[in-house]
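Novice: Protein chains in written order, with the working numbering: chain A, 1 to 204; chain B, 1001 to 1114.
In this text, a Cβ means the ideal position worked out from N, Cα and C, and glycines have one as well.
The model shown is predicted, which means the values in this text are computed figures rather than measured ones.
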Amino acid sequence: MEAINWHGFFFLFFAIVACAFAMAVVVADNIVRMACYLVVSLGAVAGLYFLAQAEFLGAVQLMVYVGGTMVLLVFGVMLTARGPLASMRTGGGQWIMAAIAGGALLAMLLQAAFSVSDWAAPKTIQEQAAVEGSPSARLGLGLMGVRVDQLEQPNLMLRRGMSGHLLAFEIISVHLVVVLVGAAYLARAKRRLDHKQAKDDQRP
Amino acid sequence: MNLLAQPVGLPHYLVVSAILFVCGVVCMATKRNMLGVLMGIELVLNGANLNFVAFGSPMLRAGPSDGLGLDGQLIALFVIVLAAAEAAVALAIALNFYHTHATVDVDRGEELKG
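Have a look at this one:
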């Protein structure tokens, strides 16, 4: 009896939870239940991030996805659902087609995952992969244009391309502002205004 | 094959992300509710993100200079932000569609083309 690898145990736990609830999202008919299953699945994916030593990303996943995007989705469900159990059935033919396409895609992806021998086993012992300082600090420096993990890159041509992600950071900031302004503009309640105008027009 | 005793490698993460991705694709293809399609998109983005994190993880790479390094986590961060922005815009469009058509069934949006 070998000792239980606790890393493997927790990986298996989170992986099974994530996959099972993702499948439940697909199978579920009720949109509110789908949202609840999706929350659990995304939380389990955050656990997988923690296990892959991406602690900052796991925290961001929990805060932005589970805390922000899902609240947005649940509010969308509540604003658009007619009745508490709004369900829309899908035809059997569509299910069969989707199952065939999805199964083919899954088979191809699994075959690709196991086909590259370099990926098969980690050659570095896991204990040796020590924590290289706080991940959030390294990520922040990377966003600001300093790649602390690539300072020793011997190839000059490669080093030139590793100057960080400041441009992408700026683009994504502006993109976020534009998108949020656009979303607020699109979703504003203009119907009441139309009613008022129609009433005003009817009045002589 | 004892899964509990052997170390977790890159293929384990790839399998999980492949399952998430396919679930998202099937969800996008079969749901008639617009918000269900959105949830499928979230699943697809999470599957892709898991791949980025796994390839950039210092624990799973083969050698000291292999893998994506910090790039994996940075790109995953960008994907999370883009997913949040996409969810906001798509929800605004869904609300607008619901205001004009009183439904979120994607099959009823035929006049949106063109």
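1. Count the C-beta pairs between the region 1004–1022 of chain B and the region 58–71 of chain A that are closer than 8 Å, then say yes if the count reaches three, no if not.
2. For G145 (chain A) and chain B, any beta-carbon pair shorter than 9 Å?
3. Count Cβ pairs between the region 1068–1084 of chain B and the region 1036–1054 of chain B that sit closer than 8 Å; are there 3 or more?
4. Check whether the Cβ atoms of L105 (chain A) and V1104 (chain B) lie closer than 9 Å to each other.
5. Go ahead and pull the three-state DSSP assignment for N155 (chain A).
6. For E1086 (chain B), would you say it is in contact with chain A, using Cβ-to-Cβ distances shorter than 9 Å as the test?
7. Applying the criterion that 16 or more other CB atoms from any shown protein chain within 10 Å of the CB defines a buried residue, is I1075 (chain B) buried or exposed?
8. Pull up the DSSP beta-bridge partners for D1105 (chain B), would you.
9. Taking only the alpha-carbon atoms, compute the straight-line gap between A1083 (chain B) and F114 (chain A) and give it to the nearest angstrom.
10. Classify M108 (chain A): buried if its beta carbon has 16 or more other beta carbons within 10 angstroms, exposed otherwise.
11. Going along the chain, which residues of its own chain have a beta-carbon closer than 6 Å to the beta-carbon of F50 (chain A), five neighbours each way excluded?
12. 9 Å is my cut-off, CB to CB: does V40 (chain A) come that close to chain B?
13. List the residues of chain B that R138 (chain A) touches, going by C-beta distances under 9 Å, in chain order.
14. Within 9 Å of any Cβ in chain A, is that where the Cβ of L1077 (chain B) sits?
15. Taking only beta-carbon positions, decide if G1024 (chain B) is within less than 9 Å of chain A.
16. For P135 (chain A) and I16 (chain A), I'd like the C-alpha separation in whole angstroms.
17. Which residue comes first and which comes last in the alpha helix (DSSP H) that contains W95 (chain A)?
18. Could you check what DSSP says for A1018 (chain B) in three-state terms: helix, strand or coil?
19. I need the straight-line Cα distance from M1059 (chain B) to G93 (chain A), nearest angstrom please.
20. Is there a Cβ from chain B that is less than 9 Å from the Cβ of L77 (chain A)?
21. Would the region 40–47 of chain A count as touching the region 12–28 of chain A if we require 3 or more Cβ pairs under 8 Å?
22. State yes or no: is the C-beta of G142 (chain A) within less than 9 Å of the C-beta of P1007 (chain B)?
23. Using a Cβ-Cβ cutoff of less than 6 Å, which residues in the same chain neighbour M1 (chain A) once the five nearest sequence positions on both sides are dropped?
24. At a CB-CB cut-off below 7 Å, which residues of chain B make contact with V45 (chain A)?
25. For the alpha helix (DSSP H) that A137 (chain A) lies in, which residues bound it at each end?
26. Measure how close the beta-carbons of V178 (chain A) and C1023 (chain B) come, nearest whole angstrom, since I'm counting them as under 8 Å.
27. Thinking C-beta only, is L1050 (chain B) closer than 9 Å to Y1013 (chain B)?
28. Going along chain B, which residues have a C-beta under 7 Å from V25 (chain A)?
29. Run through DSSP, which three-state label would N1051 (chain B) get?
30. Quick one: is L1082 (chain B) near chain A, going by C-beta distance under 9 Å?
31. Quick one: which chain B residues come within Cβ less than 7 Å of G68 (chain A)?
Specialist: Here's the rundown:
1. With a cut-off of 8 Å, the region 58–71 of chain A and the region 1004–1022 of chain B do not count as touching, because too few Cβ pairs lie within range.
2. Position 145 of the first sequence, counted from the first residue, corresponds to residue 145 (chain A). Contact of G145 (chain A) with chain B is not assigned, every C-beta pair being separated by 9 Å or more.
3. Short answer: they touch.
4. Your numbering for residue 105 (chain A) matches position 105 in the first sequence. Your numbering for residue 1104 (chain B) matches position 104 in the second sequence. Not closer than 9 Å, so no.
5. The residue you call residue 155 (chain A) lines up with position 155 of the first sequence. The answer is coil: DSSP assigns N155 (chain A) none of H, G, I, E or B.
6. On the second sequence, residue 1086 (chain B) is found 86 positions in, with the first residue counted as 1. Yes, because at least one Cβ of chain A sits closer than 9 Å to the Cβ of E1086 (chain B).
7. Translated into positions along the second sequence, residue 1075 (chain B) becomes position 75. The C-beta of I1075 (chain B) has 16 or more other C-beta atoms within 10 Å across all chains shown, which makes the residue buried.
8. Here residue 1105 (chain B) corresponds to residue number 105 of the second sequence, with the count starting at 1. Beta-bridge pairing links D1105 (chain B) to B:N1033.
9. Translated into positions along the second sequence, residue 1083 (chain B) becomes position 83. Translated into positions along the first sequence, residue 114 (chain A) becomes position 114. Rounded to whole angstroms, A1083 (chain B) to F114 (chain A) spans 29 Å at the Cα level.
10. As a first step, residue 108 (chain A) must be located in the first sequence, where it is residue number 108. M108 (chain A) counts as exposed, since fewer than 16 other beta carbons sit within 10 angstroms of its beta carbon.
11. Walking along the first sequence from the start, residue 50 (chain A) turns up at place 50. Cβ within range, chain order: G58.
12. Walking along the first sequence from the start, residue 40 (chain A) turns up at place 40. So no, V40 (chain A) is outside the interface.
13. In the first sequence, counting from the first residue as 1, residue 138 (chain A) sits at position 138. Counting only Cβ-Cβ distances below 9 Å, R138 (chain A) has contacts in chain B at L1070 and Q1073, in chain order.
14. Here the question's residue 1077 (chain B) lines up with position 77 in the second sequence. When Cβ-Cβ separations below 9 Å define contact, L1077 (chain B) makes contact with chain A.
15. Indexing the second sequence from 1 puts residue 1024 (chain B) at position 24. With 9 Å as the cut-off, G1024 (chain B) counts as an interface residue toward chain A.
16. Numbered from its first residue, the first sequence carries residue 135 (chain A) at position 135. Numbered from its first residue, the first sequence carries residue 16 (chain A) at position 16. Cα to Cα, the separation comes out at about 27 Å.
17. Reading the first sequence from its first residue, position 95 is the one you call residue 95 (chain A). Boundaries of the alpha helix (DSSP H) harbouring W95 (chain A): G92 to S115, taken from the DSSP string.
18. Here residue 1018 (chain B) refers to the residue found at position 18 of the second sequence. Here A1018 (chain B) sits in helix by DSSP.
19. Indexing the second sequence from 1 puts residue 1059 (chain B) at position 59. Indexing the first sequence from 1 puts residue 93 (chain A) at position 93. Taking the CA atoms as reference points, M1059 (chain B) sits about 44 Å from G93 (chain A).
20. Position 77 of the first sequence, counted from the first residue, corresponds to residue 77 (chain A). Checking the sequence, you will find Val at residue 77 (chain A) rather than Leu. Yes - at least one Cβ of chain B is within 9 Å of the one on V77 (chain A).
21. Judged by Cβ distances under 8 Å, the region 40–47 of chain A makes contact with the region 12–28 of chain A, as three or more pairs qualify.
22. Counting from 1 along the first sequence, the entry for residue 142 (chain A) is found at position 142. Counting from 1 along the second sequence, the entry for residue 1007 (chain B) is found at position 7. It is not a contact, given that the beta carbons lie outside the stated cut-off.
23. As a working mapping, residue 1 (chain A) is identified with position 1 in the first sequence. Its pLDDT being 49, under 50, M1 (chain A) is placed unreliably in this model, and the value from its coordinates should be taken loosely. So no residue of the chain qualifies.
24. The residue given as residue 45 (chain A) occupies position 45 in the first sequence. Within chain B, the residues near V45 (chain A) are N1046 and L1050.
25. Position 137 of the first sequence, counting from 1, holds the residue named residue 137 (chain A). For A137 (chain A), the enclosing alpha helix (DSSP H) covers residues P135 to M144.
26. To locate residue 178 (chain A), count along the first sequence from 1; it is residue 178. To locate residue 1023 (chain B), count along the second sequence from 1; it is residue 23. V178 (chain A) to C1023 (chain B), Cβ: 31 Å. No contact.
27. Here residue 1013 (chain B) refers to the residue found at position 13 of the second sequence. Here residue 1050 (chain B) refers to the residue found at position 50 of the second sequence. Result yes, Cβ atoms of Y1013 (chain B) and L1050 (chain B) sit closer than 9 Å.
28. In the first sequence, counting from the first residue as 1, residue 25 (chain A) sits at position 25. Taking a Cβ-Cβ threshold of 7 Å, the residues of chain B close to V25 (chain A) are C1023, C1027, M1039 and L1043, in chain order.
29. Numbered from 1 along the second sequence, position 51 holds the residue referred to as residue 1051 (chain B). DSSP, reduced to helix, strand and coil, places N1051 (chain B) within a helical segment of the structure shown.
30. Against the second sequence, residue 1082 (chain B) aligns to sequence position 82. Closer than 9 Å to the CB of L1082 (chain B) there is at least one CB belonging to chain A.
31. Start at 1 with the first residue of the first sequence, and residue 68 (chain A) comes out as number 68. Near G68 (chain A) (Cβ distances below 7 Å), the residues of chain B are A1084.
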